[in-house]
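This report refers to the structure that appears directly beneath it.
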Amino acid sequence: MTVRVATLGFPRIGTRRELKTALEQYWAGNSSADDLLSTAASLRASAWQRQKDLGAEIIPSNDFSLYDHVLDTSAMVGAVPAIYGNVQDKVDLGTYFAMARGFQTTSEECGCGHAHGAPQDVPAAEMTKWFDTNYHYLVPQFTADQTFRLASTKAVEEYHEAKALGIETRPVLLGPVSFLLLGKCDGPAFDRLDLLPALLPVYERVLNALRAEGADWVQIDEPCLVLDLPGNAGAAFKTAYNTLTTTVPDLKLMLATYFGALGDNQGIALSLPVHGLHVDLVRAPEQLASILEKARPDLLLSLGVVDGRNIWKADLNALLDHLEPLARQRDLILAPSCSLLHTPIDLERETDLDADVKSWLAFAVQKIEELHTLGRALNEGRGAVQATLAENAAALRARRSSAKINDPTVQARSADRNPALAQRRSPFPARRPLQQSKLRLPLYPTTTIGSFPQTPEVRKARADHARGELSSEAYEAFLREETARTIRWQEEIDLEVLVHGEFERNDMVQYFGEQLSGFAFTKHAWVQSYGSRYVRPPIIFGDVSRPKAMTVEWWEYAQSITSRPMKGMLTGPVTILNWSFVRDDQPRSETCRQIAFAIRDEVCDLEKAGCGIIQIDEAALREGLPLRRADWQSYLDWAVESFRISASGVQDATQIHTHMCYSEFNDIIAAIGAMDADVISIETARSRMELLDAFAAYRYPAEIGPGVYDIHSPRVPSVEEMVELLRAASKAISPDALWVNPDCGLKTRKWPETKAALINMVAAAHYMRP
Ligand code: GLN
Ligand code: ZN
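In case it helps, the UniProt record's numbering puts the sequence shown at residues 1 to 770.
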């Protein structure tokens, strides 16, 4: 029996972020479409060649995208909403980027690492997270009478392009059912799956064209098969794949599923008349047994055995123990669990990384090498790759016992915790009067979420300091100056609860990670977040502790120059966890709890220094929700416990705030309540306060700052507008529980609009007061 190695997708961005540069040059009008497209072509060519050289035998094409592969699919099938014009012919670059980014202004983002469509003359299509990754796709939008037509032949062109370079590829398409399920209805809701019959002919044309060009296999991704599906989805999958396999008979389809177990959809997946099935055995190793038992003998299985979502070396010897008996019985394909889009490209570029930590890691390139090793061991026997296997075993052994990972004090603190640690001394109703009499705030107290504009000067000073061109003393002095000016200004416009502005922070997670033990940072390990925005997540490799206070000095300085209350500003444990590459040798919940204890220490030190209001941001709590609803509660349980551990070391009179920059709370409102914060600030401006109904219906017990303006846009809301929102809010929530604030940090805004908006916001709060 033979084993072959495949990849399902490779990072598009280039080892030196060439795609970002090319896109931004093009958008700025500094380069032509030809320049952009030729950079894109050379990135594809080198990705194909690289994968081939690394030993991948089945190499994808059409995994590349100028912006996003879901947007590419919308373009392919001509699903272009009317606001982008009446596109009759092919979707051209202008239309494509208009859907991606809107016309006119550049896209906006806050610190949360995900995009919020910026309001422009023609807005960008909505963007949302791709399953539980930090990649964001452009949401397809369908009308009830949606028609489809072939409007982009990218898949065919890229197959052809690879072939011309002498590389046979397996083109990748996002499958029709997932494409529909990932989209949304424009106008009144209807069943998107009803559009399937209209959609399938376009897929048929593309598959036929690929076949005509010489493709043998096509990888067709249906990741929605790992989700809770609507009742009619099974029928839709059957219709889709019966149709596609009959109408394009001599093309073989590899149906790819990833990000979890097929679970209750396994029966559907196995009943489809496709030629191959890819399953994720990293997230869901347990599903292999029943798939083997139930799969047709002639179904070619592609096993996702190397983690496409994380950066750790695989345990090659353990994998071989499992795979050897299997490989004796059937042909197999070995692959990463999912596209390598979600991992950085090449570990070798990290020349400054701690040598031990580096020896435990594998990025996209190294993962293909691992698969190649596994493939050879299975085809030729372990002896053929003995040295590599021994090296892998040694690295894993060293990792397990490394003192850099294991900190007995941290482990004991977590293991010996008692429930009281996650409990404030008294319940909220008892804490509240103590906080009120200490803080003496008016009704509708005003505050902001933490950051103030990170101007080009602030960024430049940080970069100069990082390069050693600005001394630490000069940099500190500059930051103090910015901080002081920002505090003066907040006093001047009469905000009640002040912030220091976060000028010293590069990023809300990195700033803390850099000061905690157990974290490593890379120089080049970029991963696409959306379009040309890439992030470099910290790597949590060991037990987490806080060697010394992280924010107290800045807080003390800020408080020393004002008599108004100065908030202490921290990032919460769940957010730090969710925006990092997390160790795979212990449960996420354990890592989260360790971070929680570190943040708890900081909270207590802030209180000791005299800080009476401490905000612990949990911007990423919701996005950590598991894909399947049945798994939500256990995640929420440990996430909430971690937050509470971080927040519960303080006196009753100390007010704990939290902030979340999103508005979908309805289904997790009980968990939000269970966090037991004294004040929560949330995003509501864009939903016109609708969300408050959920808080009212749930009888949310504490105080709420519903964001009264949308910081993702430069637009300055009027006083009247914010008064109206506050009036709406005060109908749902008791006025004495309402705070007045923007809906997120202001770091991506410019000063003029920030000033104008906050002045109006304060006026609106004053207007509301009796
Ligand atoms: N305190 C952070 C800030 O204001 C919060 C950012 C966020 O929620 N994304 O920037
Ligand atoms: Zn926010």
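Don't be surprised by glycine CBs; every beta carbon is placed ideally from N, CA and C.
Min CB distance residue i to chain B below 8 Å
i    : result
P408 : Protein chain content of the structure displayed is limited to a single chain, and chain B is not contained in it.
Closest by C-alpha distance to residue i, when choosing among the options
i    : options                : result
P445 : A387, V458, L498, L229 : L498
G707 : L758, A670, L299       : L758
P427 : A674, A390, A189, K252 : A674
G183 : A420, S74, P273        : S74
T447 : T483, H500, E476, A412 : H500
A41  : Y159, N134, Y96        : Y159
P419 : L19, Q51, S642, E369   : S642
A525 : G231, W638, A362       : A362
C611 : A256, D584, W555, D652 : W555
I616 : R376, V603, E18        : V603
N208 : T247, F581, R149       : T247
Q219 : D194, F142, M761, P60  : P60
R485 : F503, G468, E348       : F503
L421 : T409, R593, D494       : R593
Q411 : S589, S529, V723, L495 : S589
Q162 : K129, Y26, A47         : A quick correction: the sequence has Ala, not Gln, at residue 162. Nearest of K129, Y26, A47 to A162, Cα basis: A47.
I540 : A100, L495, I595, L470 : I595
G745 : N760, H766, I167, S681 : S681
A124 : M99, W27, H136         : M99
R425 : D678, V80, L54, T95    : D678
D667 : R688, F695, T654, V650 : F695
L43  : Q510, N62, M508        : N62
V5   : T95, R376, Q287        : R376
R417 : G9, L434, R644         : R644
Test item: CB-CB of residue i and residue j under 8 Å
i    : j    : result
K313 : D356 : no
V719 : A756 : no
V77  : L138 : no
S359 : A395 : yes
L662 : E683 : According to the sequence displayed, residue 662 carries Tyr and not Leu. Against a cut-off of 8 Å, the Cβ pair of E683 and Y662 comes out as a contact.
S38  : V91  : no
D354 : A520 : yes
T15  : A56  : no
L726 : M768 : yes
L270 : A295 : yes
I368 : P11  : no
A685 : Y709 : yes
G542 : D407 : yes
A477 : D652 : no
F512 : I449 : no
F179 : P140 : yes
P188 : F131 : no
H278 : A256 : yes
A737 : I704 : yes
Y67  : G531 : yes
K20  : Y635 : no
P714 : E753 : yes
N310 : A393 : no
F148 : V202 : yes
T658 : E607 : no
Anticipated Cβ contact below 8 Å, residue i with residue j, distance rounded
i    : j    : result
P537 : W579 : 6 Å
T551 : M566 : Between M566 and T551 the Cβ distance is about 11 Å, and since that is not below 8 Å, they are no contact.
F190 : A144 : 5 Å
H342 : T133 : 5 Å
S302 : K747 : Rounded, the Cβ-Cβ distance is 43 Å, inconsistent with contact.
L323 : L374 : 7 Å
D250 : R211 : 7 Å
H372 : L54  : 6 Å
I333 : I58  : 7 Å
For the 8 Å Cβ check, are there 3 or more pairs between the segment 592-603 and the segment 189-207?
no
Could you tell me whether the segment 303-312 touches the segment 326-339, using the rule of 3 or more Cβ pairs below 8 Å?
yes
With a threshold of 8 Å, are at least 3 pairs of Cβ atoms found where one atom belongs to the segment 552-564 and the other to the segment 375-387?
no
Quick check: the segment 287-296 against the segment 260-271, are there 3 or more CB pairs under 8 Å?
yes
Does the segment 454-466 come within contact of the segment 488-496, defined as at least 3 CB pairs closer than 8 Å?
no
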